[in-house]
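*Asks:*
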Amino acid sequence: MAYIRCPVRPYIPNPLRCFQCQRYGHSKNVCRGQPTCPRCGESGHDSVDCTKKEQCLNCKGDHPAYSRSCPTWITEKEITAVKIKEKISYPEARRVVLSRTPVSGKSYASATRKSTSDKSIQCDSITDTISDSSIPTKPVVLLPSKNNSPPRTKVIATPLSKSPPAKKK
356 MAYIRCPVRP YIPNPLRCFQ CQRYGHSKNV CRGQPTCPRC GESGHDSVDC
406 TKKEQCLNCK GDHPAYSRSC PTWITEKEIT AVKIKEKISY PEARRVVLSR
456 TPVSGKSYAS ATRKSTSDKS IQCDSITDTI SDSSIPTKPV VLLPSKNNSP
506 PRTKVIATPL SKSPPAKKK
């Protein structure tokens, strides 16, 4: 008896396209849309006798709605793949795919530009007020920074306890 090693991969189905309204995400059986021609994207006639110019109903490109070169079909296929591989729901997979898809018209530089607003708070006046009060203070040695400057001593107001520290058992 011998074992055969067979590589396997998850089955990723093609996106579900309605044959009535030509939109993705549902089938003809549950469609509430109007019958639409898959070649030209207009309602009211069948694709068998259509002689108009091809136009996708989903992305407005110059290809039929059933084309696999349609950007909408490619996005839907990627959403389905993420849904199957990550074992998440369709809305979550859609959110993941759309968040990593670049937004047209937005450059890399503008996407990575840092906000110029500063949200820090300066506390010098509060420290001076505390230091001038009657709270006992003790000096604290600040460690040198990376630029090899000598250590500095700064006085910080901290309440000193009147009792000795508790001994460890």
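Every position in the sequence shown, counted from 1, becomes a number in the working numbering once 355 is added.
Each residue gets a CB set at the ideal place from its N, CA and C atoms; glycine is no exception.
Can you pull the DSSP bridge partners for residue 372?
*Replies:* Sequence index remark: in the sequence shown, residue 372 carries index 17 (1-based). DSSP, once it has assigned bridges, lists 379 as partnering residue 372.
*Asks:* Are residue 431 and residue 390 close, meaning C-beta to C-beta below 9 Å?
*Replies:* Residue numbering aside, residue 431 sits at position 76 when the sequence shown is read from its first letter. Residue numbering aside, residue 390 sits at position 35 when the sequence shown is read from its first letter. Contact: no.
*Asks:* Where do the N-terminal and C-terminal ends of the alpha helix (DSSP H) with residue 453 fall, by residue?
*Replies:* Translated into positions along the sequence shown, residue 453 becomes position 98. Unbroken alpha helix (DSSP H) run through residue 453: 445-455.
*Asks:* Which residue or residues does DSSP assign as beta-bridge partners of residue 391?
*Replies:* Start at 1 with the first residue of the sequence shown, and residue 391 comes out as number 36. DSSP, once it has assigned bridges, lists 398 as partnering residue 391.
*Asks:* Under 6 Å Cβ to Cβ from residue 407, same chain only, skipping five residues before and after it: list those, please.
*Replies:* Numbered from its first residue, the sequence shown carries residue 407 at position 52. Cβ neighbours of residue 407 beyond the five flanking positions: 395.
*Asks:* Which residue comes first and which comes last in the alpha helix (DSSP H) that contains residue 432?
*Replies:* Looking up residue 432 in the sequence shown gives position 77. Taken as a continuous stretch (DSSP letters only), the alpha helix (DSSP H) holding residue 432 covers 426-441.
*Asks:* Residue 386 to residue 360, Cα distance in whole Å?
*Replies:* Position 31 of the sequence shown, counted from the first residue, corresponds to residue 386. Position 5 of the sequence shown, counted from the first residue, corresponds to residue 360. Approximately 44 Å, taken between the alpha carbons.
*Asks:* Buried or exposed for residue 467, please, with buried defined as at least 16 other CB atoms from any protein chain shown within 10 angstroms of its CB.
*Replies:* Within the sequence shown, numbered from 1, the residue matching residue 467 stands at position 112. So residue 467 counts as exposed.
*Asks:* How far does the alpha helix (DSSP H) with residue 463 in it extend, from its first residue to its last?
*Replies:* Taking the sequence shown and counting its residues from 1, one reaches residue 463 at position 108. From DSSP, the alpha helix (DSSP H) with residue 463 extends over 463-467.
*Asks:* So is residue 485 buried or exposed if we call it buried at 16+ other beta carbons inside 10 Å?
*Replies:* For this step, residue 485 is matched to residue 130 along the sequence shown. The predicted model places residue 485 with a pLDDT of 49, which falls under 50 and marks its position as unreliable, so this point remains unresolved.
*Asks:* Let me make sure I understand the geometry here. Which of 376, 401, 438 and 357 has the alpha-carbon closest to that of residue 367?
*Replies:* As a position in the sequence shown, residue 367 is number 12, starting the count at 1. Out of 376, 401, 438 and 357, 438 has the C-alpha closest to the C-alpha of residue 367.
*Asks:* Within the same chain, show all residues whose beta-carbon is closer than 7 Å to that of residue 452, passing over the 5 residues directly before and after it, in chain order.
*Replies:* Here residue 452 is taken as the residue at index 97 of the sequence shown, counted from 1. Here the set comprises 430, 433, 434 and 437.
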